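K.L.:
Numbering (our numbering), first residue to last: 79 to 419.
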Amino acid sequence: MLGVLGALIAHSIRVDQTIVLENERLIEENRRLRTELRDRYDFGNLIGNSGGMRQALDQVRQIARSNAAVLLRGEPGTGKELFANAIRYNSLRSKRPFAKLDPALTPSAKLIDDLDERLREAEGGTLFLDEIAGAPRELQKNILDLVRDAKAATRDAPPKHNVRIIASASQDLDGGADGFDRDLLAELTSFTIFIPPLRERKSDILLLADHFLERFAAAQQKNILRISTPAIDMLTAYHFPGNVRELENAIEYAVTACDSNVIHGHHLPPTLQTAEVTGTETRVTLDSAVATFERDLIQDALKSTRGNVAKAARMLESTERILGYKIKKYALDPRRFRSWK
């Protein structure tokens with residue numbers, strides 16, 4: 079009898095230990111995912127040096143740690159949800175929930191119930207209302223009440239729902255959206271961030287393409303070093319109606335199609351293959367072609383040496399001083415190549 083009892087106790091202890099270990103594993107996995115998401119939505123991942131992007135990034139940094147409602151304006155594919163997440167992860171609500179509601183994709187009969195459900199999910203955190211122009215008037219009224227309730231809240235009179243509202247719109251709500259509530263418009267546009275389309279930030283295309291190349295090459299375990307000059311010309315000549323999302327998809331397509339360590343023009347999607355399709359012409363001067371080629375060589379050397387400027391200079395049969403000048407000229411950061419495999 080004692081032997082049976084001892085066996086049962088030992089089994090119970092093993093079960094308890096298994097549960098404890100599983101809980102610890104889940105806690106660690108949750109911590110890892112939170113860190114991964116925080117890194118993904120760090121301000122440094124909102125890539126762009128163009129004037130319009132710098133202005134948008136300055137506004138995001140300015141507003142992130144407040145509780146004010148924000149309206150993100152930009153064409154489809156410009157990265158409005160990425161901006162919304164960046165605001166959330168750099169706010170005082172970064173460790174609280176993030177819920178999303180897209181009124182345009184939700185059946186009208188379910189919208190109010192869905193809003194209530196998302197509010198419960200986002201309690202203490204952030205509610206992202208994607209493409210708010212598609213919200214019917216009844217839902218707009220509820221959102222207006224939420225925003226006003228949050229603004230009027232005090233320590234002694236907290237809001238009914240403790241959530242921060244971030245909304246997005248692809249069109250101009252002031253006259254562009256039929257029947258949009260004027261009071262809600264006034265509340266949302268008190269802080270509006272305009273995200274420029276990719277065709278207005280041509281200087282960012284190469285930065286973004288390199289970023290996506292690095293990401294997708296790592297995901298597919300391919301050693302792709304760079305994008306060829308003709309392929310770069312094709313990317314910069316294209317008008318990208320789908321904006322950053324289309325560029326991201328194009329680079330993923332190219333990485334998948336690439337069977338060497340360089341992405342060439344024929345690896346890009348068919349829509350980018352000819353200037354005639356884009357409705358634009360490619361004009362490349364000798365100076366710009368040489369500069370692009372030189373930048374590619376330096377970038378390849380930095381990747382090969384994992385950001386070691388002295389080694390890269392020797393590889394290129396140059397001096398560290400001259401290479402340092404070129405690195406500054408082409409706005410390259412050797413540190414970003416230190417983890418390159």
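A virtual CB, placed ideally from N, CA and C, is assigned to each residue, including glycine. Just so it is clear, the structure is predicted and the values come from calculations on it, not from any experiment.
#1: Would you call residue 234 buried or exposed, if buried means 16 or more other Cβ atoms sit within 10 Å of its Cβ?
#2: Could you tell me which residues DSSP puts in a beta bridge with residue 151?
#3: Any idea if residue 406 is buried or exposed, counting beta-carbon neighbours within 10 angstroms, 16 or more meaning buried?
#4: Which term fits residue 368, buried or exposed, when burial requires 16 or more other beta carbons within 10 angstroms of its beta carbon?
#5: Determine the burial state of residue 156: buried for a count of at least 16 other Cβ atoms within 10 Å of its Cβ, exposed for fewer.
#6: Below 7 Å between beta carbons: does that hold for residue 343 and residue 309?
#7: Would a C-beta distance cut-off of 7 Å place residue 242 and residue 143 closer than the cut-off?
#8: Excluding the five sequence neighbours on either side, which residues of its own chain have a C-beta within less than 6 Å of the C-beta of residue 146, listed in chain order?
#9: Which residues bound the alpha helix (DSSP H) around residue 229?
#10: Could you check the C-alpha separation between residue 265 and residue 323 for me, to the nearest Å?
#11: Return the residue from the list 257, 278 and 330 that minimises the CA-CA distance to residue 292.
#12: Compare the C-alpha of residue 183 against each of 196, 212, 163 and 168 and name the closest.
#13: Return helix, strand or coil for residue 356, following the three-state DSSP convention.
#14: Which of helix, strand or coil does DSSP assign to residue 124?
#15: Tell me whether residue 184 counts as near the ligand SAH, meaning its Cβ is closer than 6 Å to at least one heavy atom of that ligand.
#16: Who are the near neighbours of residue 413 in its chain, counting only those whose CB is closer than 7 Å to its CB and skipping five residues on each side?
#17: At which residues does the beta strand (DSSP E) containing residue 206 begin and terminate?
#18: Unbroken beta strand (DSSP E) runs of length 3 or more, entirely within the region 158-204: which are they?
#19: Roughly how many angstroms lie between the CA atoms of residue 279 and residue 130, to the nearest whole one?
#20: Please tell me whether residue 295 and residue 333 are closer than 7 Å, where the distance is taken between their beta carbons.
#21: Beta-carbon within less than 6 Å of residue 228's beta-carbon, same chain only, minus the 5 sequence neighbours each way: which residues are those?
#22: Closest to residue 178 by C-alpha separation, out of 186, 168 and 198, would be which residue?
#23: For residue 304, which three-state DSSP category applies?
#24: At which residues does the alpha helix (DSSP H) containing residue 333 begin and terminate?
#25: Which of the three DSSP states is assigned to residue 139 in this structure?
#26: If I follow the unbroken alpha helix (DSSP H) through residue 63, where does it start and stop?
#27: Please return the same chain residues whose Cβ sits closer than 7 Å to the Cβ of residue 370, not counting the five positions on each side in sequence.
#28: Please look up how many angstroms separate the CB atoms of residue 127 and residue 281, rounded, as I've assumed it's under 8 Å.
#29: Counting only the same chain and skipping the five closest in sequence on each side, list residues whose C-beta sits under 6 Å from that of residue 357.
P.N.:
Reading from the atomic positions:
#1: A residue is called buried once 16 or more other Cβ atoms fall within 10 Å of its Cβ, and residue 234, having fewer, is exposed.
#2: DSSP, once it has assigned bridges, lists 247 and 272 as partnering residue 151.
#3: Counting other Cβ atoms within 10 Å of its Cβ, residue 406 stays below 16 and is therefore classed as exposed.
#4: Exposed is the call here.
#5: So residue 156 counts as buried.
#6: Yes, Cβ-Cβ distance for residue 343 and residue 309 is below 7 Å.
#7: No, the Cβ-Cβ distance between residue 242 and residue 143 is not below 7 Å.
#8: Listed in chain order, the non-local C-beta contacts of residue 146 below 6 Å within the same chain comprise 269, local neighbours out to five positions each way being set aside.
#9: Looking at the DSSP string, the run of the alpha helix (DSSP H) that includes residue 229 is 215-230.
#10: The C-alpha of residue 323 is placed about 29 Å away from the C-alpha of residue 265.
#11: Per the Cα distances, 330.
#12: When only C-alpha atoms are compared, the closest one is 212.
#13: Note on residue 356: pLDDT 41, under 50, position unreliable in the model; the coordinate value appears next. Helix at residue 356.
#14: Coil, per DSSP.
#15: Annotation note on the ligand SAH: not contained in the displayed structure, which lists no ligands.
#16: Excluding positions up to five away in sequence, the list reads 385.
#17: Taken as a continuous stretch (DSSP letters only), the beta strand (DSSP E) holding residue 206 covers 204-207.
#18: Counting whole runs of 3 or more residues, the region 158-204 contains the beta strand (DSSP E) stretches 176-179.
#19: Approximately 7 Å between the Cα atoms of the pair.
#20: Yes, Cβ-Cβ distance for residue 295 and residue 333 is below 7 Å.
#21: So the list reads 237, once near-sequence residues are dropped.
#22: Among 186, 168 and 198, the Cα nearest to that of residue 178 belongs to 198.
#23: The three-state secondary structure of residue 304, taken from DSSP, is strand.
#24: Per DSSP, residue 333 is one residue of the alpha helix (DSSP H) stretching across 321-335.
#25: Residue 139 falls in the helix class under three-state DSSP.
#26: Beyond the ends of the chain as shown, which are 79 and 419, falls residue 63; an answer cannot be given.
#27: Result list for residue 370: 307 and 310, in chain order.
#28: Contact holds; Cβ gap of about 6 Å.
#29: Residue placement at residue 357 cannot be trusted, given a pLDDT of 43 that sits under 50; what the coordinates show is reported in the next sentence. Closer than 6 Å at the Cβ level, and outside the excluded window around residue 357, lies no residue.
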